[in-house]
Structure formats: structure tokens, C-alpha cells
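To start, the structure itself, in C-alpha cells.
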């Protein structure tokens, strides 16, 4: 159709607009009236489509209402393209409007009123629209007060319609009434009421009530599940509107308002009673307590037609129906299922009447096989999962998975199975893994002896004599020959780890001389919380329960420290243990504490030192047992801190006994392995031990029962305990199931309020408090106490002796699986609400762990509050030098907020810098600088420029670093007032840049000024003061001022020791070692480098430890003492292997190669250089110089002499530019030795003289070695 063409002799085409419904729509001019009109032309004409097109025209001609698109004309003069002309509308459809966000309550009520009135006119005329959806509601000029209902293409004209005719269009999935979905159902005006209810629900909440990724999943939810209440998604809506929408969405058509007029009347009667808000309703405040609903395990079978092709759909997809061909009700009933046949012929069976998930899986599999026999070759899928009870027949996640499987089913599979169902089916079912992923059910074997164990019962410890003996022997050795010992007990959940540790503790408590035992337990909610596990240990050892006033907690911790720590160290140890344990002490009169709080790395060092001193003091009186449970849920910071402490206390009587699941080695590779860790992997119980357990619990049993119980348990303690309980409760004949199945089975047997109590408890984690459960469940304390007492008697939870929250009785799940099972039963709404309430309760009680609060708030839907606590947690982690955790928390905050605040971006950039992610750090710092510029934060811009300069300096990008410093200076000069600290930092940056540019005098001047200014700023300027002096002491020897550098270093070391600044103390020792080497003090040099390594090891600072080893190795190599250098490079390589990322790989490898070359092993040296050249590691300019030097020095000399000389000349020139001088000297020497190897003695001598001259111009330790090389060469020449 071309512009200008006239349709029906009256309508001139202007442009094609789009294709909609059954035809194409054009913008045209009515030549009679001059009005703009919409001309709809039928395409792909068929008798059926022509009939529907004619019916739409007839319906529109009969209907006249401002809320229905106005009819203009209908023309059939062209049999190949009938024409329907309607009024032209400017604006947008409701779907496009909702894509930008929900409507306000006022807008929704206005729109609902207008649409209901329009529908009432249609319904009075006997018309049912049958496809009311946002795309079929047009907002004239974008106004919700002027809607038009469009597209009556599948409308029915008459009293009622029955979905029977194959191919009849029936509607759009998310807005279809249940009777439209069902095959053979009668559809009346109330179906439009249901669709209008869906539409109003979406207008307020932003999403329709029934959602899924696949068509069939949506249809099944409409059929089986009750619609969610509007108030659940938008608590601020008026109760009358919540009730009205609930009635409109009733499953039973008779339960709804019967037509549009009834809805319009209800809206008119209620909406003016209270003024509606002009804002979109939001979930402002959640419900105050958890609901009664819970999720239960169920299975789903979907059987499509042989030509099923329903897949993912868009919001406007309209479906056609197909009548069923057979009655499947008897099959579904046989397996306890609910059957529904959709209008397109798809059958869905939901099985949820049995409590045991393995039974659900077996029933749903058998049902699928029976359906397959009725229609071989039909697409079929089976899935199992949790659905929400008390909301119709739950289908939940199972129907979503089944729909995906049905859509993706390959020709290889008979019946597609999801992973959950395949895992629950026992060996009687023939299940085959598919090459493309997933599983297929091929059939069921004739017979199979079932053995399905059950979960949970508290039992005596039997069959673990060997393990307990090992514990006793290890602990005895720990006492008799004092040494730190580590034993890790690992095994899957339910294998008896906690029971075993408990037995050991009871033995120790009953001993003549009881040991000191400290406890800690990992928790999944605290797994990413820095020092969470260690803080729990320290608080418990000090008698801190949590929730006490801060002053009282300080008293308790101080008292504990005072018991054994020497008086001179008590204040320091207590203060820094307080930082670990969340018990902060005042720093008004505590200089080291105040200094550490201003320096995250220093704070981390002091905490580590305090922990080590505390443990050493505790061990002085009696052996110490550290008993840690569920270490797989411990935080890395705690575990590494304990590892470092054990290393420093290797010969103290400490026994660390830990339990963990098998994944511990994946989560924490090599944990405590260097501490002589012994692993105890718990296996199944022996048959004899199982018999002892059965007889202990049940006494003598009738013949055969005891043997059957033992055989069925397969030696798994958790399974056997559940079998014993089942027998005691008279359910001994029930087939046992998998662990998850029996957790579900056990919980299902509890009273509803007991299950509700457990669900509330599970939200808090492995450990919970009675008051918190009462808050979440909305019950009084006494009722909850009775519920928990019953759960204790059921051996599902235990009451703990002590509580970390004063006045709040503390409980714990006896097995993690109980908590997981209860948590899985929470509805989505209750899970979200519960975490929100838990966060608020914990916050009220003074929860100090920001990460715990962040995760609760996030799961509770409070994104903004979660993000703020994630940022707080990131800062806590960074302060403790756990930069990986800090990065994770920054990432979570960003995901929730969309963009971090500028200062948080800076913190993240600095964390990435300390992780060695220099490019990422620059990106984040640049983003922060752009944000600061937008907000006009001029002083922050200066700080960020200096931060970027620091990162670029570490990257060797000295010119770029200097540009950032200059930019910072320009910005700083424009500030209305200048901060002295900022000025000092700026001078430091200028001095560093001048140093890198070899402007030594300028650098010395700027660094001296920076140090002088910073020295006047007290605590605030301390770090800048130290760094400036450290750079200055590196620079002064280059200016020939070696003695001045040595004196200054002594002063810096004194200041560091005075403040307890161990991090910078290590750097100062390292620098002083270099100066002592230059001055010829070999012993002093070695001593300072060794101090640096030892301090780094004590502090858990691998970079410092490695620096000491590396620098000592390199200086000994330069001094020509290769034999002494080799152990040092081996030690450095060992540190790097233990803590990847603490050093550039090329730097270590190149020193190893240079040492190999010095001892005459050219092959090894060349192999190392070749590996570096072909590897992925990026080399700095100076590293590239050294690598090329090794390649040239070990070359096969196959090239021409001129080429070799040219390569050396180029390298020599490059080395002069890419180093501060030392590499240049080494290149000159290597070239001389290479010339000597080629027999060019005179050239070699000239190169050595050149090297000696270069060495005389800068401080170094190579001069003696170079002179010795020259003398040796001269002697060879004389000979």
C-alpha cells in the first residue's frame, strides 16, 4: 500500500503505522470529513480470519462509548483486503506507559473506572472482549483519564462462549481468566473482569499477578494458584481496593463481579471515601509478622500436544486454542494429582498430596510414564520443587522448570526430567543423562529393594572410638611437648562431626585437670564478615554475651586480658582485641590506638600482634583448646589470623580442633596445612556401631527389625537416627528417603505453629534468639518459649547455655539441615519480610557486624539500607586489610544503589590498588573524580588526583603520574582555603614525580618540605611524614648523602616504634638495610632485611615478608655471594607461592635467573627468561631490560657480530633510561662477561671499566664485585 492511494473510494493513505491483530494499520485522511483516521486492512485472508474481521467491525459499529475506539466505516469492495476504519488516536498504549513504571493510586482508580464503564457498555451488548491487556488499552495523548479499548478481533458476541473450536484465538497468557485457559470452559463477561483485575494489579505493582518465562508456566499458575493479594505487593493500598481486586481475580467466575458495570459501581462507591495518593503505591512498611503460608514440596507433569511449540512469550502474545483429545483424569487421580487440560491441549498434573519428596518424585515419574502410554511421542516434562501452600494448588518453581524443559525438549528424550527429580528417584527408575544436558526418564524396572534413609535424632556417640583416641593422643602430646596442633574433622552434613566434638569436650570437662576451651562456630550469614568467627571466640572467652553496654563489654574484655597478660601489655592487647571483637576502646589517651585507627594497615598489624600476645599469655598457665565448628562458613580473615597466630606460637600448647564439610579445601585451599594439620575424614558407622545405637534407643527388637534398620541406614548416622525415630513413632514401615526429603517429611509432621516458629528461626541463621522469633512470628514470649521447648524435645533445636545477647535465650539448630529445610518452606513474601524484621531486631540489639545487617536488609528488600551497611562493612574490611572482602561489599552496594557515592568509589579504588588491580583502581578513582567534579567537591578532586598518581607510580607510568600531580596542584591552588594536610600530600606527590624523573635535587627539596609540613600536623600528618621520609632516605644516597639518610632512617624508626606503627617500621628497616649495605655494613644489612621478613610473617603481611627475602637475595647476589643468595630467593619464591598476588611474578623469576646465570647455569637462566617472554605476565620496563640482558648473555651467538653488538648497544641505552642505575650497571657487566666469553678480552675490559665508572656515580654494592671481575680478567690476559 503506497502513500496517496485511496481506499474504499474515501480514505487516502498517508503512511503505514504498524501491524496489529489480524491486519496492517495505516494512517489515512477521510476525504469526506477531512479527519485523520486509522485504516486496518486484513492480510492473509482466510474464511476464519474474514469471519473474525467482519465480526470485529460489526461489534465496533454497535458499540458507542468514549472508552472504546470509535467505528468509522467497513468496506469489503476488495475481497482480497477488507477494510475497517476507526478514529485516529494520538498517544501511547498502556503497555508502553507501564514500561516506565507503575501508575499512582489515583491514576489506577481513574483508569479502572473508565475501562469498567467501557466494558459495561460492551457487556450490555453481549460482547466479551477476551483479550484485555495493556497493549489493547490506548491512552489518548498519554492521559489515563482518556483510555480507549482496542482490538475486538477475538471478542465474542452473544451470551457466552465455549472454548471448543480448534484454532480460535483465546487471549494473552498473563491476563487470561482460568476459564479461558481451560479446555471446554464457558467464557462470560466475568472473564473480562478477571483481565481488568490483572491490569489494575499491574498498574499498581508494576507486574501482573501471574508471571513466568514460558507460556505454559503462566497458564498453569493461572489455573492452579490463587492470585497474590494486592496488599502483599503494595501494602499502602486501601483495604477496600485490595478486597475488590482479590474478588476480580477469583478463580471461580461466580466469585467475581459479574461484569464491567459491577466493577464500575464498586469503584464509584469506594474510591471517594479516602483521597487517593498521587504517587505510585510503594511497599513502605512490611507486614509486622510472618504469615501462615508456607511452601511445600510438589511435582509437576506437563504433557503437550505432539506439535507443541509454546515457548517464551512477550506481554502481547495472543494464543489460539485446541481442544483435548482424551480424558486423563483417571491417571492423575491414581497418583494423587490435580489435572487440568488447557485450551491448547496441553495437560498439567500437579502432585502435592504426599509429604515425602522422594514419594512425590516417584509418583510424578509414574504418572508421566502412564501419560506417555496414552500418547507416545507427545512432548513431556517432569519437575519437582517447592510451591506455596494456602494459595490454591501450589506449582511454584516446579512449573517454571517443567515449562522450560518442555520447550527445550530434544528428540533424544522420552520424558524430560529436571535435576531435582532425577536426584530423588531411586534405582528402580531408569534415568539417563542426556548429552545436551538434563535427564530423561525411560521407564521403571519391575522390582527393586528400596532403601531410603531418614534424618535426625539426638543420639549417643558410638563408633567413633578411633577418632576420639586420636584427639586424646594429639592433645596429650600438645601438653607434654608444647607445640601447636591442628586437627580438622570433615564430612558431609549429618555424618556426626558436631556430636564427635561434643563428646571430646565432655571428656575434657570431666578430666582431673580440665583444659581451657574456647568456642567458635561458622555461620552462613557471616561467611563474608571479616573476623566474625574470631570475634565470637574472643567474646565467648571474655564472657561477653552481646548486647551489654559498651562499658561493661570493655570491663569484661579487660578483665580477661588482665588474668594472664603482663601488666605492661594489658592496655595495648585489650585495645586491639577490642577492635577484633567489636568492643572499641576510647583512644583519647591512647596514641597507638588512635594512630592505628587512622591507618587500616597499621590497625591490622596491631590486631594480629595483640591476638598473638593474648594467646601466648593464655597458654602460659594451661593448654588452650580452640574448638571451631562449621569452619566452611568461617570468614577468611579469621582463619588467616589464626593461621598467622599459630605460626608465631608454634611451640605453645594450643590445640585447634575444627569441624568442616568436605568443601573446606575448595573454599580455603591449604588452610593450616603448614601448621602440621591432621585431617580426620568421618566415614559411615560400622554395622556393629549401628546395632549399638539401635539397641540404646529402642531396646531389644523383634527378629529382623534391628538388621533391617542397620542395613537401611548404610552406616550414615543422620539417616539411622531418623529411622530409629520413625520406628519409635510407629512409622517403621515407611520407606526412608534422601536427606532433603526426610527434613521435609519431619517438618511436615509438626504442628502448624511449630513449623511457623521454625521458619521464623531459620531466617536468623544457625543460631537464633527467642525474642527475635517472637518478633518475626508475632507471638508473645511465653508462647514462643513453649514452641521452642517442644522443638527441643523433638531434637530439632537445642537451647544453648549462654547467649551473646543478654536477656535473650539463645538457641541453635541441632543440624544445619534442619535450618535449611525450614528456610526452604518460607514463602517469598515471608522470606523477604522476615529478613527485614530480623535486620531491624538485630540493629536494635546492637549488632556490630555490618555485613550481617546488610545481608538481612538486602534479602528483606530494603536495598538502600542494605547498601549503606555494605559500605560500612567494606570500610570495616578495608580497615582490617581484607581488601577482597571490601571489594565484594563495594560490589554489592553498587549493585543495590546503581552507583556508589563518590567517597565510596574512592575507597573501592584504593582497595583495588592494594589488591594489585591497578587498571581497575584507576578506573574507579577516575569515576570518583568525575563524580566529585559534578558535585563541586574540589578538595576531594585534589585527593583523587594524588591517589591516581600513586597508582600510576606503582605501574611505572611516571610521566602520567606526574601529570596527575600537576593537575592536583592546579586544582589545589584554586581552593578557597588550603588544607595543610592536602598541601603536604601534594608536596609528597611532586617529590615522588621528581624522583622518578631523576630530578634528584628537586625531589629532595619537595620531599623535605612535605615531611616538615606533615610533622607539624600531629596524628593527621603522620603517614605523609613517614612516607616522605622513606622516599627521602631512598633518594639521599643517590645524592651522596648516605650518612644523612642513615640518621634520618634512625629517626623514622624511632617514631614508628613509638607509635606502634609496624607496617612503616618494616619499610624503614628494609630501607635502612639497603643503606647499611651501601655503607659496607654487611651484618647490619642482613639483620635489617631479616627483621623485615620476620615482621611481615608475624603480621601476616606477605608483601613485607617477601620484600625482606627478595632484597636480601638481590643484595647478596650483587655482592657476588651467590651461595648465600640462593636460600633467600627460595624463601621469597615460597612466600609468593603461598600468597599469590603479593609480588610481580617477573621480578622474582628474573632474580632467580640472574642468580642461576651468576653460578654458571646459563640453560636454567635462559629457560626462565623464555618462559617469561612467552607468558601472560606483564613486565615493567626495568624487568624487560633484565630479561633481554639474560637472553643476550645466554644466546647461542649464531648471529652476526654486528647484530649482537647492535642489540647490546640498544639494551645499554634502554637500561640507562629504564632504571635508577643499578640495572644499567648490571647490563654493562653482563655485556663485558659476554664479550669475554667470545674471546674479546679488550672489549670486555672496556665494558668493565665503563661499569666501574657508572657504579662510582651512584651508591651501590656492586663496585667491589666489578673490580674483582676486572682484576680476574686482567690476570687472564697476563697469563
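Residue numbers (the UniProt record's numbering): 1 to 1279.
C-beta atoms are modelled at their ideal positions from N, C-alpha and C, and glycine is treated no differently.
Heavy atom of the ligand FMN within 7 angstroms of residue i beta-carbon
i, result
"residue 928", "No copy of the ligand FMN occurs in the structure displayed, which carries no ligand at all."
Residues sharing a beta bridge with residue i, DSSP
i, result
"residue 338", "350"
"residue 561", "Looking at the DSSP assignment, residue 561 forms no beta bridge with any residue, so it has no partner."
"residue 41", "24 and 83"
"residue 656", "486 and 626"
"residue 157", "127"
Close Cβ partners of residue i (< 6 angstroms) along its chain, the five nearest in sequence each way excluded
i, result
"residue 403", "214, 216 and 217"
"residue 1117", "1125 and 1155"
"residue 178", "222, 223 and 251"
"residue 73", "85"
"residue 485", "474, 478 and 655"
"residue 562", "570"
8 angstroms CB neighbourhood of residue i in its chain, flanking five on each side removed
i, result
"residue 620", "564"
"residue 680", "467, 470, 487, 488, 489 and 490"
"residue 1021", "980, 981, 984, 1013, 1014 and 1015"
"residue 204", "102, 103, 105, 108, 230, 233, 234, 237, 280 and 281"
"residue 527", "633, 634 and 635"
Distance between residue j and residue i (C-alpha atoms, nearest Å)
i, j, result
"residue 900", "residue 531", "25 angstroms"
"residue 1152", "residue 974", "50 angstroms"
"residue 369", "residue 443", "7 angstroms"
"residue 690", "residue 728", "16 angstroms"
"residue 226", "residue 581", "49 angstroms"
"residue 142", "residue 341", "40 angstroms"
"residue 200", "residue 51", "32 angstroms"
"residue 454", "residue 720", "Summary for residue 454: the model assigns pLDDT 28, below 50, so the residue's position carries little reliability, and this model does not support an answer."
"residue 346", "residue 301", "10 angstroms"
"residue 1025", "residue 1052", "9 angstroms"
"residue 1181", "residue 1131", "25 angstroms"
"residue 851", "residue 832", "17 angstroms"
"residue 198", "residue 95", "13 angstroms"
"residue 68", "residue 867", "47 angstroms"
"residue 372", "residue 708", "36 angstroms"
"residue 290", "residue 825", "12 angstroms"
"residue 1111", "residue 1089", "7 angstroms"
"residue 7", "residue 260", "36 angstroms"
Spatially closest choice to residue i from the options, by CA coordinates
i, options, result
"residue 796", "776, 342, 750 and 1080", "750"
"residue 518", "551, 497 and 560", "560"
"residue 462", "121, 835 and 717", "717"
"residue 349", "220, 428 and 435", "220"
"residue 64", "150, 209 and 31", "150"
"residue 791", "813, 775 and 807", "813"
"residue 639", "883, 36, 533 and 895", "533"
"residue 1109", "1133, 1123 and 1119", "1133"
"residue 93", "58, 121, 133 and 1252", "133"
"residue 966", "942, 977, 978 and 976", "942"
"residue 769", "1093, 1236, 747 and 809", "809"
### Task
Could you say if the region 98 to 105 and the region 247 to 254 meet the contact criterion of at least three C-beta pairs nearer than 8 angstroms?
Contact between the region 98 to 105 and the region 247 to 254 is absent, because fewer than three Cβ pairs lie under 8 angstroms.
### Task
Please determine if the region 852 to 862 and the region 777 to 795 are in contact, where contact requires at least 3 C-beta pairs separated by less than 8 angstroms.
Output reads no: the region 777 to 795 does not touch the region 852 to 862.
#### Entry: the region 578 to 595 contacting the region 624 to 636, beta-carbon criterion three pairs below 8 angstroms
Contact fails: fewer than three Cβ-Cβ distances are below 8 angstroms.
#### Entry: contact_flag[the region 1010 to 1025, the region 1039 to 1046] where n(CB pairs < 8 angstroms) is 3 or more
These segments do not touch.
### Message
Assess contact between the region 1091 to 1101 and the region 1050 to 1057, defined as three or more Cβ pairs (one per stretch) separated by less than 8 angstroms. Is contact present?
### Response
No, because fewer than three Cβ pairs between the region 1091 to 1101 and the region 1050 to 1057 fall closer than 8 angstroms, the two stretches do not touch.
### Query
If you pair each beta-carbon of the region 672 to 679 with each one of the region 643 to 662, do three or more pairs fall below 8 angstroms?
Counting Cβ pairs under 8 angstroms, three or more are found: they touch.
### Query
Does the region 228 to 235 come close enough to the region 112 to 126 to have 3 or more Cβ pairs within less than 8 angstroms?
The region 112 to 126 and the region 228 to 235 do not touch, with fewer than three beta-carbon pairs separated by less than 8 angstroms.
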